[in-house]
Structure formats: C-alpha cells, structure tokens
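For the sequence shown, my numbering gives the first residue as 1, with consecutive numbering after it. Read the structure below first, then the notes.
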Amino acid sequence: MAYVKYSQGIDYVSGALNKVKKGQHTHEKMLLATHRVAATTNPHCNRIYLREQPKRSTPVTTREVNARNRFRTIAAMVQERKEDLTKVTTDQAAFLAHKDNANGKKTMRAYLWHVCGQEYDHQNA
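Structure (structure tokens):
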C-alpha cells in the first residue's frame, strides 16, 4: 500500500488505473487507486495498490470447504428471509428489540445473518 499525492488540479482518482488483459506478455496485474470518502481523522485518504492474481500455495482444506458452504447457505437463507413477506414484520420487531442490547446487531442485515447463522448451526450440529 502506498499513499498518493496527486499534482495540482487533481483531487483524487478512484478505480483501476490500468487493467492488463490476458495475453502472451501479461502478468495479470492491476494498478488500483482508492479514495476513502468516509469521515475520518486520518489525512491519508488516497491509496494505491498493485493487485496481482493470487496463487494458492496449499490445497483447499476440508475446514475451508465447510466454511465456504456455510457462508453460501447462510447467504441464501438471508436473501430468502428478506424476501419472505410473512416474516418481515416479526423480524423487524425482533431486530428493534435486539439492537439496543450490549451485543446486539446494529443493522437489519447483520441481525438476519446472526439469526440465520444460528439456525444453520442448530440444523448442522
């Protein structure tokens, strides 16, 4: 990661500065510039990265496969639950009661991930 200071007249650049398409003389690298727009006290809001195609040095373990399957299943459960009109009002009421607790989830999406994660873990325990 590098901090970027642009010349006069350019405030910031955000996005890919170059994309190298696959070909005979490419190395699958991309130069990516980001500009943070969130409020912060850090004066360095421009950054630049050189992103390379990751190369895995070890095979995928069964633990990783299980974690990926859990994530994929819970994501589908959350999406299905968000679209189920029979559960929307009860989920909203439960979320409003839950969010002010010490360990309460602060967004509806986080709450649904929490609920669906518990449901998944209970089914697959």
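Here a beta-carbon is modelled for each residue, glycine too, at the ideal position from N, C-alpha and C.
Would you identify the three-state DSSP class for R70, choosing helix, strand or coil?
helix
If the criterion is Cβ atoms closer than 8 Å, does the pair R81 and C116 meet it?
yes
From the DSSP output, which residues share a beta bridge with L32? A16 and Y49
**Item:** Length of the line joining the Cα atoms of H98 and T73
**Value:** 24 Å
Checklist entry - With DSSP run on the structure shown, which of helix, strand or coil describes G117? => result helix
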